[in-house]
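So the number in this note's numbering is just where the residue sits in the sequence shown, counting from 1, plus 56.
Working notes for the structure below.
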Amino acid sequence: MRAVLERALRCLGSTALSLALLVAGSLLMLVGSLYAGGSKTLIDGLNETRLQDWLAAHLLPSFAALWWLPLLLAVLLALGLNGAACAFLRLRELFAARRTVPGRALFTALCPSLVHVGFLVVLLGHAVTFTLGDWRRVDLGDPGPLARAPGNAPLFLAHIDHEAVAEDSAVARQASRTTVTVVDAAGSAHEVRYMHPATVAGYDVLLDEKKSKDKSGTLQLFFVRDPGIVLIVPAFLAILALMTWYFVELALVARRRARR
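In structure tokens form, the structure reads like this:
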């Protein structure tokens, strides 16, 4: 049984499988980009909808335009498993030699595989965001309760302040010269301005403007909850640190060899 599992693990982590999946993924992305160009409105819905909800609503009714997407998701999942198996095999091999290799040299040798792991964590964070995130838009009107705001506790629109600017000002967007104040259930006031979001009830709240066909604008609060960010940011910083260490260490080793 152990031998069978070992062979399966090596097949899953093989370079040949990696190349095949990369080619398949690239082709599906190319095909998908062509289909997406003709279904822009449909595809744009993915930006503010959980993946599984969007697929449940659109996959079957629009299967002729979206047939490539389930295949692409399957290839990406297989690539993730392939990468995890490949990193595991490499890390296991290096740890097996840890007693015969100096610690600094061992860590440097581990860096590419640890970067690989960090990249997988970043992908996992994006998957968490796509499947567990939440995006809500609330049109702003008169002061009062924000009925469509997310969360169990009520939020109230206290007031909207428009900064007085000259008509020929370089500030073109209404949202960029507006301050919106919302009050949470605890009575705390939160100010939201364009490019200056606030955090309310676990959501990042951004000020945006919805343009209509007659070019008039409606102010909106855009509530965003991104649970994957707690994986993406630390993993990305770890990747930067590991790559910095690795290339600096390689340069130092090359310099020491040149002096000999």
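Using N, Cα and C, we set each Cβ at its ideal position, and we do this for glycine too.
CA-to-CA distance, threonine 234 to cysteine 167, given in whole angstroms:
48 Å
Could you give the residue range of the alpha helix (DSSP H) that holds tryptophan 301?
For tryptophan 301, the enclosing alpha helix (DSSP H) has its first and last residue at 285-315.
Roughly how many whole angstroms lie between the Cα atoms of leucine 202 and arginine 154?
59 Å
Are there three or more Cβ pairs, one per stretch, closer than 8 Å when the segment 136-147 is compared with the segment 169-187?
yes
From the DSSP output, read off the bridge partner residues of alanine 245.
Val239
Based on the DSSP output, what are the partners of leucine 262 in its beta bridges?
Phe278
Answer yes if the segment 277-297 comes into contact with the segment 186-194, meaning at least three C-beta pairs across the two stretches below 8 Å, and no otherwise.
yes
For a quick check, are the C-beta atoms of alanine 214 and valine 239 less than 7 Å apart?
yes
Taking three-plus beta-carbon pairs below 8 Å as touching, is the segment 121-134 in contact with the segment 83-94?
yes
Three-state class that DSSP yields for glycine 207 in the structure shown:
coil
Give the DSSP-derived three-state secondary structure of glycine 69 in the structure shown.
Coil.
What are the complete alpha helix (DSSP H) segments, minimum 4 residues, inside the segment 83-130?
96-100, 107-114, 119-122
Which word fits leucine 211, buried or exposed, when buried means at least 16 other C-beta atoms lie within 10 angstroms of its C-beta?
By the C-beta density criterion, leucine 211 is buried, having at least 16 other C-beta atoms within 10 angstroms.
State the CB to CB distance for the pair glutamate 247 and alanine 254, rounded to an integer number of angstroms; the pair is presumed to be in contact (CB under 8 Å).
6 Å
Consult DSSP for valine 227 and reduce its assignment to one of helix, strand or coil.
Low confidence applies to valine 227: its pLDDT is 48, below 50, so where it sits in the model is not reliable enough to give any reading.
In this structure, how does DSSP classify threonine 187 when only helix, strand and coil are distinguished?
helix
Classify alanine 161 as helix, strand or coil using the three-state DSSP reduction.
helix
Residues in the same chain with beta-carbon distance under 6 Å from phenylalanine 186, minus the five sequence neighbours each way, listed in chain order, please.
Leu107
Going along the chain, which residues of its own chain have a beta-carbon closer than 8 Å to the beta-carbon of proline 206, five neighbours each way excluded?
Asp190, Arg192, Ala257, Tyr259, Phe279, Arg281
Would you kindly check if the distance between the Cβ of valine 131 and the Cβ of alanine 59 is under 7 Å?
no
Opposite threonine 234 in the DSSP bridges: which residues?
Its beta-bridge partners are His218.
Give me the Cα-Cα distance between alanine 92 and leucine 116, rounded to the nearest whole angstrom.
16 Å
Reduced DSSP category for leucine 213 - H, G, I as helix; E, B as strand; rest coil:
Strand.
Alanine 254: first and last residue of the uninterrupted beta strand (DSSP E) it sits in:
254-256
What does a CB cutoff of less than 8 Å around leucine 287 pick up in its chain, not counting 5 residues either side in sequence?
Val177, Val178, Leu180, Gly181, Val184
Exposed unless 16 or more other CB atoms sit within 10 angstroms - verdict on glycine 94:
Exposed.
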